[in-house]
Amino acid sequence: MTFLQVTAQLWDGFQTTLYLFFVVLVLSLPLGLVFSFGSMSRFTPLRWFTRFWVWAIRGTPLMLQIITVFYVPGLVFNTPMKDRMLACLVAFVINYAIYFSEIFRGGIESIPKGQYEAGQVLGMTRSQIFFKIVLLQVIKRIMAPIGNEVINLVKDTSLARVIAVTEVLKSAQDIVNGHAIIWPLFYTAVFYLAAVGLIQIVLGLCERKLSYYKG
Amino acid sequence: MPVLEVKNIRKSFDGAQVLKGISFGLEKGKVLSIIGSSGSGKTTLLRCMNFLEHPEEGQILVNGQLLFDASRPGTLTDAQLRENRLHFGLVFQSFNLFPQYNVLDNCTLAPDLLARDKAKAEGRPFDKAAAHKANVEKAETLLARVGLGAKLKNYPCELSGGQQQRVAIARALALEPDILCFDEPTSALDPELTNEVLRVIKGLKSADTTMVIVTHEMEFARHVSDHVIFMADGVIEEEGDPEQIFTAPKSEKTRSFLAKSLEQV
Numbered sequence: 010m011t012f013l014q015v016t017a018q019l020w021d022g023f024q025t026t027l028y029l030f031f032v033v034l035v036l037s038l039p040l041g042l043v044f045s046f047g048s049m050s051r052f053t054p055l056r057w058f059t060r061f062w063v064w065a066i067r068g069t070p071l072m073l074q075i076i077t078v079f080y081v082p083g084l085v086f087n088t089p090m091k092d093r094m095l096a097c098l099v100a101f102v103i104n105y106a107i108y109f110s111e112i113f114r115g116g117i118e119s120i121p122k123g124q125y126e127a128g129q130v131l132g133m134t135r136s137q138i139f140f141k142i143v144l145l146q147v148i149k150r151i152m153a154p155i156g157n158e159v160i161n162l163v164k165d166t167s168l169a170r171v172i173a174v175t176e177v178l179k180s181a182q183d184i185v186n187g188h189a190i191i192w193p194l195f196y197t198a199v200f201y202l203a204a205v206g207l208i209q210i211v212l213g214l215c216e217r218k219l220s221y222y223k224g
Numbered sequence: 003m004p005v006l007e008v009k010n011i012r013k014s015f016d017g018a019q020v021l022k023g024i025s026f027g028l029e030k031g032k033v034l035s036i037i038g039s040s041g042s043g044k045t046t047l048l049r050c051m052n053f054l055e056h057p058e059e060g061q062i063l064v065n066g067q068l069l070f071d072a073s074r075p076g077t078l079t080d081a082q083l084r085e086n087r088l089h090f091g092l093v094f095q096s097f098n099l100f101p102q103y104n105v106l107d108n109c110t111l112a113p114d115l116l117a118r119d120k121a122k123a124e125g126r127p128f129d130k131a132a133a134h135k136a137n138v139e140k141a142e143t144l145l146a147r148v149g150l151g152a153k154l155k156n157y158p159c160e161l162s163g164g165q166q167q168r169v170a171i172a173r174a175l176a177l178e179p180d181i182l183c184f185d186e187p188t189s190a191l192d193p194e195l196t197n198e199v200l201r202v203i204k205g206l207k208s209a210d211t212t213m214v215i216v217t218h219e220m221e222f223a224r225h226v227s228d229h230v231i232f233m234a235d236g237v238i239e240e241e242g243d244p245e246q247i248f249t250a251p252k253s254e255k256t257r258s259f260l261a262k263s264l265e266q267v
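So the protein sequences, as listed, match chains A and B. The numbering of the first sequence is the numbering used here, which starts it at 10 and goes up by one. The numbering of the second sequence is the numbering used here, which starts it at 3 and goes up by one.
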């Protein structure tokens with residue numbers, strides 16, 4: 010296989026990688042915010058329920074979670090999961106939402122009580138206080154850990170191959186198996202590095218955008 | 003009729019009683035200073051008046067209207083609670099400006115939101131631009147009054163502590179509270195910044211500005227107040243006009259507190 014042919018085939022796989030990355034990112038961030046409200050809730054059963062899932066998801070490998078989402082519906086409920094990508098998305102979104110929720114929780118709890126009280130004495134509602142005062146301050150504070158998770162997500166997409174979703178690494182493996190050449194495997198690093206480089210630039214822009222104030 | 007009546011307020015934290023039955027009244031346009039050592043319950047009293055703490059006993063009335071009654075817990079809706087809060091303004095020890103908004107926006111954020119909520123509640127169309135324009139004009143006047151007319155577009159992190167506190171005063175005034183409360187407004191400030199804030203507070207004194215000031219600045223309390231309350235261990239140990247309290251205190255506790263406060267090192 011020529012270099013161009015390999016590149017084309019890896020690009021096909023990389024599109025799957027990017028699809029997985031973007032869909033998971035867009036869904037898990039807001040879901041993570043919802044989970045973080047659950048784990049901070051004053052309603053004890055809800056708080057325990059959320060914290061149980063934080064423990065369960067953080068306590069098991071993502072690879073195992075993908076396998077579970079893909080196989081368990083068929084094994085237990087006799088309704089086999091047909092769409093491999095859907096199984097991946099479900100597992101990834103829940104996993105990442107849980108990690109994001111802990112970052113959100115840390116950020117929200119780090120905002121001084123005085124900010125809430127200032128909003129209260131100015132007659133603002135709870136949701137106005139959260140969305141107009143607290144949220145942007147939280148986002149500024151959690152940019153660095155969120156950035157870490159987003160970059161991890163790019164590379165974690167390679168776990169999708171465990172249920173035979175052909176992302177970029179599996180594309181390379183298929184070439185290796187079919188053509189007795191090994192270098193395409195290492196070539197995938199270029200794709201990951203390019204994606205992560207772009208993400209770093211975007212994260213840097215976001216941080217710069219938020220640097221107009223301190224505190 | 004007094005603008006503010008506080009009746010028999012009791013509040014405890016984890017079984018420890020911090021306020022043991024506080025009652026007082028305040029006439030419109032008067033300035034009340036609350037002095038006393040740390041832990042005497044001054045700040046808690048102020049927080050109760052702003053509904054940041056909920057007393058176990060007691061009542062709070064403003065202009066004769068019963069705003070809080072501990073004997074009927076849980077009868078206030080969220081909206082009523084917020085409406086009640088608007089009778090009071092509170093200036094915090096630590097300013098608590100919103101760091102992501104500039105000086106002007108700090109002062110117009112809440113008025114803009116309230117204007118919208120009010121229009122919605124009354125079912126009339128809301129002209130966002132017009133409401134904002136009116137609020138900006140009002141905020142600009144107030145900021146000029148506290149000497150910050152040139153800092154409208156600055157962010158809190160670009161201001162000194164004294165300037166931040168003056169923005170906080172303008173922000174509280176923007177909602178036109180019946181009673182403006184100050185919780186040790188200069189305790190977080192360097193001595194050289196204290197005076198600029200005290201001057202502003204003094205400048206607010208007028209026939210229709212009613213103020214309650216918790217402070218450790220004895221000279222200031224003496225000169226600005228119409229009435230002084232000395233608190234000790236959760237009760238009003240002594241109260242009276244400032245000259246009497248500062249020159250001829252009746253209570254032994256007041257005497258010893260003032261002696262320590264005014265002591266020259």
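Glycine residues also receive a C-beta, built at the ideal position from the N, C-alpha and C atoms. The structure displayed is predicted, hence computed values, not measured ones.
Determine the DSSP secondary structure at residue i, reduced to helix, strand or coil.
i	result
residue 213 of chain B	strand
residue 191 of chain B	coil
residue 34 of chain B	strand
residue 55 of chain B	coil
residue 18 of chain B	strand
residue 87 of chain A	coil
residue 220 of chain A	helix
residue 74 of chain B	coil
residue 119 of chain A	coil
residue 75 of chain A	helix
residue 81 of chain A	helix
residue 10 of chain B	strand
residue 95 of chain B	coil
residue 39 of chain B	coil
residue 191 of chain A	coil
residue 67 of chain B	strand
residue 25 of chain B	strand
residue 180 of chain B	coil
residue 60 of chain B	strand
Check the Cβ-Cβ distances between residue i and every residue of chain A, and say whether any is below 7 Å.
i	result
residue 101 of chain B	yes
residue 118 of chain B	no
residue 87 of chain B	yes
residue 159 of chain B	yes
residue 52 of chain B	yes
residue 189 of chain B	no
residue 182 of chain B	no
residue 92 of chain B	yes
residue 136 of chain B	no
residue 126 of chain B	no
residue 96 of chain B	yes
residue 168 of chain B	no
residue 115 of chain B	yes
From residue i to residue j, what distance separates their C-alpha atoms?
i	j	result
residue 145 of chain B	residue 83 of chain B	28 Å
residue 212 of chain A	residue 152 of chain A	8 Å
residue 163 of chain A	residue 223 of chain A	30 Å
residue 127 of chain B	residue 80 of chain B	24 Å
residue 50 of chain B	residue 144 of chain A	27 Å
residue 230 of chain B	residue 146 of chain A	39 Å
residue 232 of chain B	residue 26 of chain B	12 Å
residue 56 of chain B	residue 206 of chain A	53 Å
residue 96 of chain B	residue 108 of chain A	33 Å
residue 67 of chain A	residue 99 of chain A	15 Å
residue 9 of chain A	residue 187 of chain A	There is no way to answer for residue 9 of chain A, as the model of chain A reaches only from 10 to 224.
residue 254 of chain B	residue 246 of chain B	14 Å
residue 179 of chain B	residue 137 of chain B	15 Å
residue 1 of chain B	residue 149 of chain A	The structure shown does not extend to residue 1 of chain B, since chain B spans only 3 to 267, so no value can be given for it.
residue 29 of chain A	residue 109 of chain B	44 Å
For residue i, would you say it is in contact with chain B, using Cβ-to-Cβ distances shorter than 7 Å as the test?
i	result
residue 227 of chain A	Since the first and last residues shown for chain A are 10 and 224, residue 227 of chain A lies out of range.
residue 111 of chain A	no
residue 72 of chain A	no
residue 130 of chain A	yes
residue 145 of chain A	yes
residue 122 of chain A	no
residue 90 of chain A	no
residue 116 of chain A	no
residue 133 of chain A	yes
residue 222 of chain A	yes
Below 8 Å on the Cβ atoms is my guess for residue i versus residue j; work out the distance and round it to an integer in Å.
i	j	result
residue 61 of chain B	residue 236 of chain B	In fact, because the Cβ distance is near 18 Å, the residues do not count as touching under 8 Å.
residue 121 of chain B	residue 131 of chain A	About 18 Å; that fails the 8 Å criterion.
residue 110 of chain A	residue 48 of chain A	6 Å
residue 200 of chain A	residue 23 of chain A	5 Å
Ranges of the alpha helix (DSSP H) found wholly within the stretch 196-257 of chain B, counting only runs of at least 4: Fully enclosed alpha helix (DSSP H) runs of 4 or longer: 220-226, 244-249.
query: At what residue ranges does the stretch 135-178 of chain A contain a whole run of the alpha helix (DSSP H), taking only runs of 4 or more?
result: Counting only runs of 4 or more, we get 144-165.
- prompt: Going along the chain, which unbroken runs of the alpha helix (DSSP H) with 4 or more residues stay wholly within the stretch 118-152 of chain B?
  reply: Here the runs fully enclosed are 130-147.
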